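Just so we're on the same page, my numbering is the position in the sequence shown counted from 1, plus 3. For each residue, glycine too, the CB sits at the ideal point set by N, CA and C. Quick caveat, the model's predicted, so the values are computed rather than measured. All remarks here apply to the structure that follows.
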Amino acid sequence: MSTVPAEAVGPLMRGVAVLRALSDADGRLSLGELVRTTGLARSTVDRVAATLARMGYVRLDGPAVTLAPRLMELANAYLGALRLPALLGPGAVRLAEELDESVSLAVPDGDGIRFVHQSTRRRAMSLTFRIGDLLPAERTAPGPLFAAYWTPGQWAAWHERRATDPEGLGFPGVPPGAGDQGERFAQRAERARTEGSAVDDQLIEPGLIAVAVPLRDPAGIPLCALSVVSHTSRHSAASLRESVLPRLRATAATMEAELARPTGPTGPAGAARAEGPPAPQAGPTAPARTAGPPALQAGPTAPALAAWTSASKQELGADFVESLARGLTVLTAFGPGRAELTLSAVAEATGLPRATARRALITLDHLGLVATEGRAFRLTPRVLALGCPPLSRTTLSDIAAPHLATLVRRVHDSASLAVLDGDAIQYTARVATTRIMSVNITLGTRFPAYAAAMGRVLLADLPAPQRAERLGRTALPALTPRTVTSPAVLAGLLDEVAAQGYALVDEELEEGLRSLAVPVRDAAGRAVAAVNVAMHTTRRTLAECRAELLPELRATAAAIEADLHVVNRFRRSSAV
4 MSTVPAEAVG
14 PLMRGVAVLR
24 ALSDADGRLS
34 LGELVRTTGL
44 ARSTVDRVAA
54 TLARMGYVRL
64 DGPAVTLAPR
74 LMELANAYLG
84 ALRLPALLGP
94 GAVRLAEELD
104 ESVSLAVPDG
114 DGIRFVHQST
124 RRRAMSLTFR
134 IGDLLPAERT
144 APGPLFAAYW
154 TPGQWAAWHE
164 RRATDPEGLG
174 FPGVPPGAGD
184 QGERFAQRAE
194 RARTEGSAVD
204 DQLIEPGLIA
214 VAVPLRDPAG
224 IPLCALSVVS
234 HTSRHSAASL
244 RESVLPRLRA
254 TAATMEAELA
264 RPTGPTGPAG
274 AARAEGPPAP
284 QAGPTAPART
294 AGPPALQAGP
304 TAPALAAWTS
314 ASKQELGADF
324 VESLARGLTV
334 LTAFGPGRAE
344 LTLSAVAEAT
354 GLPRATARRA
364 LITLDHLGLV
374 ATEGRAFRLT
384 PRVLALGCPP
394 LSRTTLSDIA
404 APHLATLVRR
414 VHDSASLAVL
424 DGDAIQYTAR
434 VATTRIMSVN
444 ITLGTRFPAY
454 AAAMGRVLLA
464 DLPAPQRAER
474 LGRTALPALT
484 PRTVTSPAVL
494 AGLLDEVAAQ
504 GYALVDEELE
514 EGLRSLAVPV
524 RDAAGRAVAA
534 VNVAMHTTRR
544 TLAECRAELL
554 PELRATAAAI
564 EADLHVVNRF
574 RRSSAV
């Protein structure tokens, strides 16, 4: 580890250490485990955890600390500045569909690679890595493509890492293993330079094979690698290469043409550059409110950020570490169209004093999260180590569960999330109340959409022709004496639901059951799920449901949507 700069911000370094430890542990550790993992004092870990919870980056549940979806805004800042996922992701999706194999985009990070995009195939034996996973270059297909252009210093750092960590224990994203040996890897790198492709023949783990080609900048240096991943029950390494390489190269050529199109002063691919190998690494009691700092917009945000930090300090006192919050906010100054920023631009974007922004950038540079080139700063792929791998696998159910739990604590009735599956809804997340007489529904339960509040919310969001087609083909049996069975009446009810933004169904699915539901929308405004509160009819009148429950339900849906949008900015969550 290089010497810590005199101007480095200690609390920021400690906060990053906590986030890295949580990420390496798949997103969850106890406070005691964080103390043991990071070597920090318990009081320090408590203050860091409280600050991160205030920012919305972690959740505190007793002694447990869990990464929260909002933390993905740090990874999104890097991925947005990089531009590769947004620019090349659609092409990777098309290639995956055409080949019926998983397709990945990876960038170099020191003597490893990190994945920045995944297009996976749905099958029982699926092959995928998480976005942000760091893999040792010698055990991958993209690795030789990047190593072919390493300097002698980079090769020396690689040999040093291999000597100190021969099994790659510093790469939690892959199983331990010696992988490729030094001389053989150098030969693979040279062959990759001459052939313009590379193969991973079960170096990560038995059965996994991959073929990769580079996407080059105008100088011929690989910016990233495009790879096709399969397994030995479908191909040998040789047959996969023979089968996919021509199409892989054609797609890469198309992608390179996209990258070459001028997009402004930061260049077509933003900050996609190879980093040198890293230096060898050295070995609160109540949840804080997780409002989070204001999202950075173009232009100064000093009043909003200052107001937030002041309120946070007033609420948490010594448990709020202002320098940690400010330092992490610096990372979010970067993004699309802001791949490289000067100190003045960072200070203006964050509203921080220049001296504060400068010390934060010095610290982030020391930690390998920021790189400098002249007067410009840019994010490095190592930003993805701050929670992206575990959070990139977050499902909609995972996102919804803590918000449903909060809702249940407030309204004292059961709450659920469901998705539309054919002509039915399927429950994918649920939190039950502790009431003696309560609504008892298990995950996976399916109900006819036409008679359920969540079903009507989701049906109402469909385009009118599709909605009419569904009602025309669906039988509408009476489940109770109150069930609406007339297609014309139901169509009118769905129009009302679409206009008012909620559905209130009274004893149509089951006698005695009353349910209020609202939609959960993706970033494009499409209803991808619905949330509801269900209760016995004696609990509240219809008017009380609208007056008391509807605002709470809408607030819960908004909180789920906010998390969903940040997690799904460069990927898509599954329902379960």
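* In the DSSP assignment, what are the bridge partners of Gln-429? -> Position 426 of the sequence shown, counted from the start, is the residue given in the question as residue 429. Partner(s): Val-422, Arg-449.
* Asked: With DSSP run on the structure shown, which of helix, strand or coil describes Ala-28?
  -> For the purposes of this step, residue 28 is identified with residue 25 of the sequence shown, where counting begins at 1. Residue state, collapsed to three classes: coil.
* **Between the CA atoms of Ile-116 and Ile-563 - distance to the nearest angstrom** => Taking the first residue of the sequence shown as position 1, residue 563 is located at position 560. Taking the first residue of the sequence shown as position 1, residue 116 is located at position 113. Roughly 32 Å between the two C-alpha positions.
* Would you call the region 399-416 and the region 375-386 in contact, with 3 or more CB pairs under 8 Å? -> Verdict: no, contact absent.
* To do: Jot down the residue ranges of each uninterrupted beta strand (DSSP E) in the region 73-154, minimum 3 residues, whole runs only, in chain order.
  => Counting only runs that start and end inside the region 73-154, the beta strand (DSSP E) elements of at least 3 residues fall at 105-112, 115-122, 137-139.
* **Contact check, Val-106 vs Ala-95, beta carbons under 7 Å** => The count along the sequence shown starts at 1 and reaches residue 106 at position 103. The count along the sequence shown starts at 1 and reaches residue 95 at position 92. Yes; because the gap between Cβ atoms is below 7 Å, this pair is in contact.
* Asked: Are the beta-carbon atoms of Glu-510 and Thr-541 separated by less than 7 Å?
  -> The residue labelled residue 510 in the question sits at position 507 within the sequence shown. The residue labelled residue 541 in the question sits at position 538 within the sequence shown. One thing to note: Glu-510 has its Cβ no nearer than 7 Å to the Cβ of Thr-541.
* Can the beta-carbon of Thr-477 be found closer than 7 Å to that of Asp-424? -> Reading the sequence shown from its first residue, position 474 is the one you call residue 477. Reading the sequence shown from its first residue, position 421 is the one you call residue 424. For the pair Thr-477 and Asp-424, the CB atoms are not nearer than the 7 Å cut-off.
* From Thr-436 to Ser-419, what distance separates their C-alpha atoms? -> One-based indexing of the sequence shown puts residue 436 at position 433. One-based indexing of the sequence shown puts residue 419 at position 416. Whole-angstrom Cα-Cα distance: 11 Å.
* Just how far apart, CA to CA, sit Glu-163 and Glu-555? -> Locating residue 163 in the sequence shown gives position 160, where the first residue counts as 1. Locating residue 555 in the sequence shown gives position 552, where the first residue counts as 1. Linking Glu-163 to Glu-555 through their CA atoms gives a straight-line distance of about 56 Å.
* Asked: Cα-Cα, which of Leu-138, Gly-320, Thr-445 is closest to Ala-170?
  -> The residue labelled residue 170 in the question sits at position 167 within the sequence shown. Per the sequence shown, residue 170 should be read as Glu rather than Ala. Comparing Cα positions, the closest option is Leu-138.
* Mapping DSSP to helix, strand and coil, what is Ala-240? -> Counting from 1 along the sequence shown, the entry for residue 240 is found at position 237. Here Ala-240 carries a helix assignment [DSSP, helix/strand/coil].
* If you check the beta carbons only, do Ile-212 and Cys-391 fall under 7 Å apart? -> Sequence index remark: in the sequence shown, residue 212 carries index 209 (1-based). Sequence index remark: in the sequence shown, residue 391 carries index 388 (1-based). No, the Cβ-Cβ distance between Ile-212 and Cys-391 is not below 7 Å.
* Asked: DSSP state of Gly-338, grouped into three classes?
  -> Mapped onto the sequence shown, residue 338 falls at position 335. In this structure, DSSP gives Gly-338 an extended state, which the three-state scheme calls strand.
* Asked: Based on the DSSP secondary-structure assignment, which residues constitute the bridge partners of Asn-535?
  -> Locating residue 535 in the sequence shown gives position 532, where the first residue counts as 1. Residue pairing for Asn-535: DSSP places it in a beta bridge opposite Ser-419, Ala-520.
* Asked: From the beta carbon of Thr-235, is the nearest beta carbon of chain B less than 7 Å away?
  -> Protein chains in the displayed structure number just one, and chain B is not present.
* Residues in its own chain within less than 8 Å of Arg-252 by CB, not counting five upstream and five downstream? -> For the purposes of this step, residue 252 is identified with residue 249 of the sequence shown, where counting begins at 1. Excluding five sequence positions before and after Arg-252, the CB atoms of its chain that fall closer than 8 Å to its own CB belong to Gly-199, Ser-200, Val-216, given in chain order.
* **Contact check, Gly-330 vs Leu-43, beta carbons under 7 Å** => Position 327 of the sequence shown, counted from the first residue, corresponds to residue 330. Position 40 of the sequence shown, counted from the first residue, corresponds to residue 43. Contact: no.
* Could you give the residue range of the beta strand (DSSP E) that holds Val-373? -> As a first step, residue 373 must be located in the sequence shown, where it is residue number 370. Per DSSP, Val-373 is one residue of the beta strand (DSSP E) stretching across 373-376.
* To do: Determine the DSSP secondary structure at Pro-217, reduced to helix, strand or coil.
  => The residue labelled residue 217 in the question sits at position 214 within the sequence shown. In this structure, Pro-217 counts as strand in the three-state DSSP scheme.
* To do: Look at Thr-353 and Thr-332 and say whether their C-beta atoms are less than 7 Å apart.
  => Counting from one through the sequence shown, the residue named residue 353 turns up at place 350. Counting from one through the sequence shown, the residue named residue 332 turns up at place 329. A contact, by the Cβ cut-off of 7 Å.
* Would you identify the three-state DSSP class for Ser-5, choosing helix, strand or coil? => Taking the sequence shown and counting its residues from 1, one reaches residue 5 at position 2. Look at Ser-5 here: in three-state DSSP terms it is coil, with no helix or strand label.
* What do you reckon, are the CB atoms on Leu-87 and Val-119 nearer than 7 Å? -> As a position in the sequence shown, residue 87 is number 84, starting the count at 1. As a position in the sequence shown, residue 119 is number 116, starting the count at 1. The answer is yes: Cβ separation under 7 Å.
* Taking Cβ to Cβ, would you say Arg-362 is nearer than 7 Å to Leu-346? -> As a working note, residue 362 is residue 359 in the sequence shown. As a working note, residue 346 is residue 343 in the sequence shown. In this structure, Leu-346 does not lie closer than 7 Å to Arg-362 by Cβ.
* Inspect the beta-carbon positions of Pro-66 and Ser-26 and report whether they are closer than 7 Å. => Indexing the sequence shown from 1 puts residue 66 at position 63. Indexing the sequence shown from 1 puts residue 26 at position 23. No, Cβ-Cβ distance for Pro-66 and Ser-26 is not below 7 Å.
* When the Cα of Leu-108 is compared with those of Pro-225, Val-487, Pro-221, which residue comes out closest? -> Numbered from its first residue, the sequence shown carries residue 108 at position 105. That would be Pro-225, whose Cα lies nearest to the Cα of Leu-108.
* Three-state secondary structure assigned by DSSP to Ala-201 -> Taking the sequence shown and counting its residues from 1, one reaches residue 201 at position 198. It is a strand residue.
* Just tell me which of Tyr-430, Asp-204, Gly-223, Glu-10 has its CA closest to the CA of Val-214. => As a first step, residue 214 is located in the sequence shown; it is residue number 211 there, counting from the start. The residue with the shortest Cα to Cα distance from Val-214 is Asp-204.
* **Whole-angstrom distance between Ala-456 and Val-508, CA atom to CA atom** => In the sequence shown, residue 508 corresponds to position 505, counting from 1. In the sequence shown, residue 456 corresponds to position 453, counting from 1. Val-508 and Ala-456: Cα-Cα distance of roughly 5 Å.
* Asked: Under a Cβ-count criterion, where at least 16 other Cβ atoms within 10 Å of its own Cβ denotes burial, should Ser-5 be classed as buried or exposed?
  -> For this step, residue 5 is matched to residue 2 along the sequence shown. Exposed, since its Cβ has fewer than 16 Cβ neighbours within 10 Å.
* Count the other CB atoms within 10 Å of the CB of Ala-274; is the residue buried (16 or more) or exposed (fewer)? -> In the sequence shown, counting from the first residue as 1, residue 274 sits at position 271. Confidence in Ala-274 is poor, its pLDDT being 40 and thus under 50, which makes the residue's placement unreliable; the coordinate value appears in the next sentence. The residue is buried, with at least 16 neighbouring Cβ atoms inside 10 Å.
* To do: Would you give the residue range spanned by the alpha helix (DSSP H) that Ala-67 belongs to?
  => Taking the sequence shown and counting its residues from 1, one reaches residue 67 at position 64. Counting along the chain, Ala-67 sits inside no alpha helix (DSSP H); it lies in the beta strand (DSSP E) bounded by residues 67-70.
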